[in-house]
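Chains as they are written, first to last, in our numbering: chain A, -6 to 399; chain B, -6 to 399. Glycine is no exception: its CB is placed at the ideal position from the N, C-alpha and C atoms. Down below is the structure, laid out as structure tokens.
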């Protein structure tokens, strides 16, 4: 259709749409795509070899027989009860945490869950804190809401609570309240640390002291390869200040688009008021629930093995090729990502070119920093490619890094 | 978990969350639910007897074999290409309208589609126009965005374009621009008319003259029982001012949560910037596409027969029992609903009580009016119950109405 434009939509856009137009920054735009990558280490895509293909076909057939009509009409506002119960069961199974159905709100994946929580608290211009670095996808979600985003450094113990106190105090003295502190507690994305118990307690105390809410993202918690599991901030909290998000994306498949929020019961309907109507994915929720309620522990155990092997293969490839440099390759206790501090003097432009020629994809560190920085870092996802390709691609990238050192 | 609340989340809520707390108004809250209704004439739920249960199980199996890995990982930002193509095919098949994949943005059902469009244009306090009456679900969606909602009457030809001109002119003289005009063009929900060609042209001319956008909702267009089909506003528009929404909810099943926007290509990414990440329902989109691409015309033809019979049965029951009163029962040319003007002197409270005793559900007219009014009307959905129950329930309700006349 050819249009003679008489109405220029650009003159009618909302404030948030205008912010959105300037705040774009996706993985696609920050990686070279001249050649199709052969080693897709960019986004955190789950392992395709582990998807339960037959299991989901079977679950669809069983579900359709048992409750097909309910799956095909509008669903409950807070989500399919069976899935909300499954989330409660998951928390008890993996963490011994007891929550109830009314603490759980189902969403279209984790980013939608985070968006519901942010919408409930953040107006354009409000201050909100996140870790620096933090997950680039959530940074996009946050920015869409138009807050002032304040980054607080992360070190090996998790969020730097001294720096956090300074930021909160400065806001408080300026008569402003931080609305939310967004934190990724396990295998922090991208930089890897699991927050220590001391830091967890300090973070909770600061939220109480400065009267702010915590948004605890734990997309990868079950995929722990080693190291001690700590109680979640939600479990440790006794002041109703923690909202926690979770997802089936990493333990079943991202294509099901099912996530959730776990929150104090009286906050759940407030966040749900930002949900669009019709109930979240009644059909898909049932298929996922029918599969997972029979297979969750065994499927997660399988995935832990799969991803541990991939992490180790990718690290081996990097360590072999970067030996003798001052590069730092982290060793996360779980999750999907490695975080690499490039050797001194690495030419980032040259690295981008050499990596593209080797057809290895990565995400430059700068994508993860809310207020700039991170040039010295890159993130690699070992989740998607095979063990062999994780090793090969890591060696190719290690050599590209060497070639980019001046 | 018992919580010693130290952080009161209510003091931290966003403006829109506070609006949401006061603007709730769902069907559930406006119908009596003392006794479980036996005749569910409330919400527009699709006919459960027509769901293609086996067809969807089969489609799941075929899809999983052909492209299971893609179905289970993150999807394309604008939606599964196969589904976007299916929407193009649907428009051509039913309307002879040619659009391209890049005009289509997939959403989680129609209400999500509308929300994306509203988010792109409406800031809190901005004026936006809708029909009066209009769909209550969309009224909730609209109100969540916090605009000033201005209702314009609907008559038998659709939106009253004289009244619309007055509102637009008043806003213009006050130095304010209407951001969006929301309209339901076919079998208007709830009041039933299909907008005439004259009104369609007048509405488009007004949008151009007052430089505003039109949001054209057409959730039921294919389910036309009789009468002439007119080209959509989108098809008639030559100024890039129309965004159109559609859904699979009524022609496949609401539980799949798949809808879309059809819009000028350069506007699609702007609206998509309000989408959360991960792609909309990659798995579900594929299942629905695999089924619909083989069965769309035959399945829609079946549904047209099903719903026409239900409409006729419900009308018959009402007309038989309300004969001799001045009640008005409309005859929509398609869709899911009847709109009834109650007889003079009907006691609404008494009707609510008698209908609840007869276990017949309906929605009071007031739910559909953005600025008050509608007390004289009720809406009935004939979509969900069987032909027999549509007739029986309509007779019971007709008698309840008679009993409530003073």
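- What residue 382 (chain B) touches in chain A, judged by beta-carbon distance under 7 Å, is nothing: the nearest beta carbon there is about 15 Å away.
- Listed along chain A, the residues sitting closer than 7 Å to residue 105 (chain B) by beta-carbon distance are 269.
- Under the three-state reduction of DSSP output, residue 188 (chain B) falls in the coil class, being neither helix nor strand.
- Here the stretch 333 to 353 of chain B does not lie against the stretch 105 to 124 of chain B, with fewer than 3 beta-carbon pairs under 8 Å apart.
- Under the three-state reduction of DSSP, residue 39 (chain A) is assigned to coil, being neither helix nor strand.
- For the stretch 125 to 146 of chain A, residues whose beta-carbon sits nearer than 8 Å to a beta-carbon of chain B comprise 130, 133, 134 and 137.
- In the displayed model, residue 309 (chain B) falls within a helix according to three-state DSSP.
- Rounded to whole angstroms, the separation of the alpha carbons of residue 129 (chain A) and residue 28 (chain B) is 50 Å.
- Across the set B:258, B:248, B:322 and B:308, the C-alpha of B:248 shows the shortest separation from the C-alpha of residue 44 (chain B).
- About 6 Å separates the beta carbon of residue 123 (chain B) from that of residue 363 (chain B), a gap short enough to meet the 8 Å contact definition.
- Using a 10 angstroms sphere on the CB of residue 233 (chain A), the tally of other CB atoms reaches 16 or more, which defines it as buried.
- In this model, residue 246 (chain A) and residue 252 (chain A) are separated by some 11 Å (Cα to Cα).
- Counting C-beta pairs with one atom in each stretch, the stretch 146 to 161 of chain A and the stretch 88 to 101 of chain A have fewer than three that are closer than 8 Å, which means they do not touch.
- For residue 230 (chain A), same chain residues with a beta-carbon under 7 Å away, outside a window of 5 residues either side, are 197 in chain order.
- Scanning the stretch 172 to 238 of chain B for uninterrupted beta strand (DSSP E) segments of 3 residues or longer gives 173 to 177 and 206 to 210, listed from N- to C-terminal end.
- By the rule that beta-carbons nearer than 9 Å mark a contact, residue 263 (chain B) touches chain A.
- For chain A, the residues of the stretch 171 to 204 of chain B that bring a beta carbon within less than 7 Å of one of its beta carbons are 172, 200, 201 and 204, in chain order.
- Not a single CB atom of chain B sits nearer than 9 Å to the CB of residue 356 (chain A).
- When Cβ pairs closer than 8 Å are counted between the two stretches, the stretch 60 to 74 of chain A is seen to touch the stretch 264 to 278 of chain A, the count reaching three or more.
- Between residue 386 (chain A) and residue 307 (chain A), the C-beta gap is smaller than 9 Å, which places the two residues in contact.
- The beta carbon of residue 220 (chain A) sits closer than 6 Å to those of 326, all from its chain and outside the five residues before and after it, given in chain order.
- For residue 247 (chain B), the closest Cβ of chain A is nearer than 9 Å.
- Contacts between residue 120 (chain B) and chain A, judged by CB atoms closer than 9 Å, are missing: the closest CB pair is about 11 Å apart.
- Look at the stretch 40 to 60 of chain B: the residues with a C-beta under 7 Å from a C-beta of chain A are 41, 44, 46, 49, 50, 53, 54 and 57.
- In the structure shown, the three-state DSSP call for residue 147 (chain B) is strand.
- Using beta-carbon distances, residue 113 (chain A) counts as an interface residue toward chain B, with a partner under 9 Å.
- Between the alpha carbons of residue 336 (chain A) and residue 250 (chain A) lies a distance of about 38 Å.
- Between residue 37 (chain A) and residue 374 (chain A), the CB-CB gap stays under 9 Å.
- Taking C-beta separations shorter than 7 Å and ignoring five residues to either side along the sequence, the partners of residue 180 (chain A) in its chain run 187, 213, 325, 326, 327 and 328, following chain order.
- The alpha-carbon of residue 333 (chain B) is positioned some 37 Å away from that of residue 278 (chain A).
- Not a single CB atom of chain B sits nearer than 9 Å to the CB of residue 224 (chain A).
- Beta-bridge annotation (DSSP): residue -1 (chain B) is not paired with any residue.
- The secondary-structure analysis by DSSP pairs residue 142 (chain A) across a beta bridge with A:121.
- Taking a beta-carbon distance threshold of 9 Å, residue 274 (chain B) counts as an interface residue toward chain A.
- The beta carbon of residue 2 (chain A) sits closer than 9 Å to some beta carbon of chain B.
- Under the rule that a run must span 3 or more residues, the beta strand (DSSP E) segments found entirely inside the stretch 231 to 282 of chain B read 235 to 240 and 252 to 255.
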